[in-house]
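> All the letters of the sequence shown, read from the start, carry residue numbers 0 to 86 under numbering that gives the first Met the number 0.
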Amino acid sequence: MRTRTFIAVYDFIEIRFGKKVADKFLEKTENIVALIAEYPLMYKATSIDVNVRIAIISKHTSLFYRVTETSVHLLYFWDNRRDQLFL
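(1) Please identify the residue among Asn-50, Thr-69, Thr-67 and Leu-73 whose C-alpha is closest to the C-alpha of Ser-61.
(2) So is Ile-56 buried or exposed if we call it buried at 16+ other beta carbons inside 10 Å?
(3) Where does Phe-16 land, buried or exposed, given buried means 16+ other C-beta within 10 angstroms?
(4) Skipping 5 residues on each side, what residues in its chain have a beta carbon closer than 6 angstroms to that of Asn-79?
(5) Would you check if the distance between the CB atom of Ile-35 and the CB atom of Val-71 is smaller than 8 angstroms?
(6) Taking only runs of the beta strand (DSSP E) that begin and end inside the stretch 35-79, which ones reach a length of at least 3 residues, in chain order?
(7) Which of the three DSSP states, helix, strand or coil, is assigned to Thr-28?
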């Protein structure tokens, strides 16, 4: 699960708000990834591709992932304060 974009978000949270808050973000992300593993279609599809879905981790961070017939691929974590091109 530790993609470069996840590490960047985690590090930013740790520097800005402390390790405790960053670890809460990690725990919430792990819980959401576990849900996605069990129910891959539970989050809405993006307008760009029906197989690419977006899970809201927090008001500031979303997770984009791709669903195939046999697996789920975590693509990247997105800072929701940026332009929302794919929603």
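C-beta: ideal position from N, C-alpha, C; glycine also.
On a predicted model such as this, the values are computed, not experimentally measured, just so you know.
Concretely, from the data shown:
(1) If we check each option's Cα against that of Ser-61, Leu-73 comes out closest.
(2) By the C-beta density criterion, Ile-56 is buried, having at least 16 other C-beta atoms within 10 angstroms.
(3) Under this definition Phe-16 is an exposed residue.
(4) Within the same chain, Asn-79 has close Cβ partners His-59 and Ser-61.
(5) In this structure, Ile-35 places its C-beta atom within 8 angstroms of the C-beta atom of Val-71.
(6) If we require 3 residues or more, the beta strand (DSSP E) runs fully inside the stretch 35-79 come out as 51-57, 60-66 and 71-78.
(7) It is helical.
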